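J.: One structure is given below, represented as structure tokens, and several questions about it will come after.
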Amino acid sequence: MRALIWCYDYPFLKVGAFNFVVILTVYVLIVFAENSWPVGWRGAAMTSINFQSDRFYATNASFTATDAVIEFTRPLRSLKIAYFTFDRHFADGSRIALTNSPEWIQHYWRQEMFQLAVFEKDADNFTDGYVFWNWLNREPIYSAAALFGIDNGVTLIERGDEYCDFFHFGSVYDNSVNNDYLSGKMAHLHQFVSLFKYKLHDVIESACGDRIYLPESARGKLILDSEINHEMLVSDFHSLMDRRDVSRIYLGDADRNAYLTKKEVALMRELVGGASCAEAAVSLDITSDAVNKHIKNIKERLNCRSLCQLGFVIGKLSARNIYPFSVASGANK
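Those letters in the sequence shown? Residues 1 to 333, per the UniProt record's numbering, in order.
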């Protein structure tokens with residue numbers, strides 16, 4: 001009541017009793033809300049993080065969860081996978097990074113290697129899929145990771161509406177782990193990802209409440225052509241075509257995630273190479289009816305009306321169809 005009387009005693013303030021109560025209530029709610037927000041949300045986007053600070057690594061929820069991640073990832077060692085990091089990248093430039101290798105990840109952040117890493121680029125560059133690390137240029141990220149024994153790995157990507165998840169799996173001091181080996185373990189890795197998100201849900205949520213915000217200068221960059229190891233990627237594409245356990249090639253977002261079977265790809269290569277339908281049938285040891293049926297199915301799946309239009313689409317089929325990110329056209333710097 002003293003506050004209300006105070007307002008009446010000083011009319012020059014032009015604040016009535018009712019208005020004063022409203023203002024006071026709003027103020028209290030704001031103060032309460034600010035102090036109730038999870039650590040890291042409260043003004044985090046406006047606060048510059050000192051990546052050289054020991055206190056940052058000792059208090060940020062991504063790094064204080066290391067022991068839990070180490071314990072949970074122990075079974076991966078039976079797959080020769082000793083390194084694991086989970087990154088979740090939000091559209092506002094914030095991140096979480098849960099890892100079983102704190103020494104490497106702290107080095108990564110202290111050296112501000114997020115300025116250079118492909119997986120730190122704008123989430124709009126990525127779609128669901130996986131990327132073998134040797135599809136990317138080794139310098140500077142993977143050569144630095146190798147100093148910590150981390151090498152030969154794969155990153156699984158899951159794109160959500162509000163964020164993009166990256167699950168990084170790698171060997172430690174074990175060169176027997178290569179792309180073929182990892183391909184054979186892919187089902188196990190996907191199973192691990194599902195279990196990780198379920199069992200460590202609370203840990204992930206805690207880290208999401210204490211996000212790491214990148215400097216504005218490090219956000220929204222395109223993936224450059226020069227960052228891709230094209231020789232290895234093309235080699236893997238041809239290996240993929242020869243593998244017995246691969247029956248379909250998915251063409252990605254540009255073609256509405258349509259697919260071609262390996263037999264259809266082989267047929268279209270014959271036709272794009274100039275062979276007639278009859279010649280393609282002989283080369284592939286199939287009947288002319290089978291050729292016509294394949295063409296009909298492909299045209300329907302790719303929404304092509306003519307064989308000419310279909311040839312244009314198939315002509316673009318290359319190693320680029322097997323990696324789940326877009327590259328800035330003509331960018332070589």
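Think of the CB as a built atom: it goes at the ideal place given N, C-alpha and C, for glycine as much as any other residue.
Here the structure is a predicted model, which means the values were calculated and not measured.
How about I157 and D122: are their beta carbons less than 8 Å apart?
T.: Sequence index remark: in the sequence shown, residue 157 carries index 157 (1-based). Sequence index remark: in the sequence shown, residue 122 carries index 122 (1-based). No; because the gap between Cβ atoms is not below 8 Å, this pair is not in contact.
J.: Could you please give me the residues that DSSP links to H168 through a beta bridge?
T.: Residue mapping note: residue 168 aligns to position 168 of the sequence shown, counting from 1. Partner(s): T85, T155.
J.: Could you tell me whether the Cβ of G160 comes closer than 8 Å to any Cβ of chain D?
T.: Absent from the structure is chain D; it holds one protein chain and no more.
J.: Just the C-alpha distance for M186 and V265, rounded to the nearest angstrom, thanks.
T.: Residue 186 sits at position 186 when you count from the first residue of the sequence shown. Residue 265 sits at position 265 when you count from the first residue of the sequence shown. Roughly 24 Å between the two C-alpha positions.
J.: Rounded to whole angstroms, how far is the Cβ of F132 from the Cβ of R159, which I believe are closer than 8 Å?
T.: On the sequence shown, position 132 is the one that residue 132 refers to. On the sequence shown, position 159 is the one that residue 159 refers to. The pair is not a contact, with the Cβ atoms about 18 Å apart (cut-off 8 Å).
J.: Please classify I286: does DSSP put it in a helix, a strand, or coil?
T.: Along the sequence shown, one-based indexing puts residue 286 at 286. I286 falls in the coil class under three-state DSSP.
J.: Specify the secondary structure class of V177 as computed by DSSP and reduced to three states.
T.: As a working mapping, residue 177 is identified with position 177 in the sequence shown. V177: coil per DSSP, three-state reduction.
J.: At which residue ranges does the region 78-129 contain complete beta strand (DSSP E) runs of 3 or more residues, listed in the order of the chain?
T.: List check, beta strand (DSSP E) in window: 83-90, 94-99.
J.: Pick from T85, R305, Y57, P215: whose alpha carbon is nearest that of A145?
T.: One-based indexing of the sequence shown puts residue 145 at position 145. Comparing Cα-Cα distances from A145 to each of T85, R305, Y57, P215, the minimum goes to T85.
J.: Is it buried or exposed, Y130, if we count other Cβ atoms within 10 angstroms and call 16 or more buried?
T.: Position 130 of the sequence shown, counted from the start, is the residue given in the question as residue 130. That one is buried.
J.: Do A61 and D161 have their beta-carbon atoms positioned less than 8 Å apart in this structure?
T.: Indexing the sequence shown from 1 puts residue 161 at position 161. Indexing the sequence shown from 1 puts residue 61 at position 61. It is not a contact, given that the beta carbons lie outside the stated cut-off.
J.: Within this structure, are the beta carbons of F192 and L76 separated by less than 8 Å?
T.: Within the sequence shown, numbered from 1, the residue matching residue 192 stands at position 192. Within the sequence shown, numbered from 1, the residue matching residue 76 stands at position 76. Yes, the pair counts as a contact, with Cβ atoms nearer than the cut-off.
J.: Drop a sphere of 10 angstroms on the beta-carbon of V39, count the other beta-carbons inside from all chains shown, and report buried for 16 or more, exposed for fewer.
T.: As a position in the sequence shown, residue 39 is number 39, starting the count at 1. Its pLDDT being 40, under 50, V39 is placed unreliably in this model, and the value from its coordinates should be taken loosely. So V39 ends up on the exposed side.
J.: Taking the straight line between their C-alpha atoms, what separation do you get for I141 and L271?
T.: Taking the sequence shown and counting its residues from 1, one reaches residue 141 at position 141. Taking the sequence shown and counting its residues from 1, one reaches residue 271 at position 271. Straight-line Cα distance between these residues: approximately 42 Å.
J.: Starting from L189 and walking both ways along the alpha helix (DSSP H), at which residues does that stretch end?
T.: One-based indexing of the sequence shown puts residue 189 at position 189. Per DSSP, L189 belongs to the alpha helix (DSSP H) from 186-199.
J.: Looking only at its own chain, which residues have a Cβ that is under 7 Å from the Cβ of V172, when we skip the five neighbours before and after it?
T.: As a first step, residue 172 must be located in the sequence shown, where it is residue number 172. Once the five neighbours on either side are set aside, the close Cβ partners of V172 are A82, Y83, G149, I150.
J.: Tell me which residue opens and which closes the beta strand (DSSP E) that T261 is part of.
T.: Taking the first residue of the sequence shown as 1, we reach residue 261 at position 261. Unbroken beta strand (DSSP E) run through T261: 259-261.
J.: Beta carbon of L200: closer than 7 Å to some heavy atom of the ligand ATP?
T.: The ligand content of the structure shown is nil, which means the ligand ATP is not present either.
J.: Return the CA-CA distance between T73 and L302, expressed in angstroms with no decimal places.
T.: Here the question's residue 73 lines up with position 73 in the sequence shown. Here the question's residue 302 lines up with position 302 in the sequence shown. C-alpha separation (whole angstroms): 41 Å.
J.: Among all the DSSP beta bridges, which residues are the ones paired with F132?
T.: Residue numbering aside, residue 132 sits at position 132 when the sequence shown is read from its first letter. Beta-bridge pairing links F132 to V154.
J.: Measure the alpha-carbon distance for L147 versus K199 and round it to whole angstroms.
T.: Working through the sequence shown from its first residue, we reach residue 147 at position 147. Working through the sequence shown from its first residue, we reach residue 199 at position 199. Between L147 and K199, the C-alpha separation is close to 31 Å.
J.: Determine the DSSP secondary structure at I204, reduced to helix, strand or coil.
T.: On the sequence shown, position 204 is the one that residue 204 refers to. It is helical.
J.: Ordered along the chain, which non-local residues of its own chain (more than five positions away) have a Cβ less than 7 Å from that of L189?
T.: Within the sequence shown, the letter at position 189 stands for residue 189. Closer than 7 Å at the Cβ level, and outside the excluded window around L189, lie L156, F169.
J.: Beta carbon of N292, beta carbon of C277: below 8 Å?
T.: In the sequence shown, the residue the question calls residue 292 occupies position 292. In the sequence shown, the residue the question calls residue 277 occupies position 277. Yes, these two residues count as a Cβ contact at 8 Å.
J.: Within its chain, find whatever has a CB closer than 6 Å to the CB of S101; leave out the 5 residues flanking it on each side and keep chain order.
T.: Taking the sequence shown and counting its residues from 1, one reaches residue 101 at position 101. So the qualifying residues of the chain are Y83.
J.: Determine the contact status of N137 and N179, defining contact as a CB-CB distance below 8 Å.
T.: As a working note, residue 137 is residue 137 in the sequence shown. As a working note, residue 179 is residue 179 in the sequence shown. No; because the gap between Cβ atoms is not below 8 Å, this pair is not in contact.
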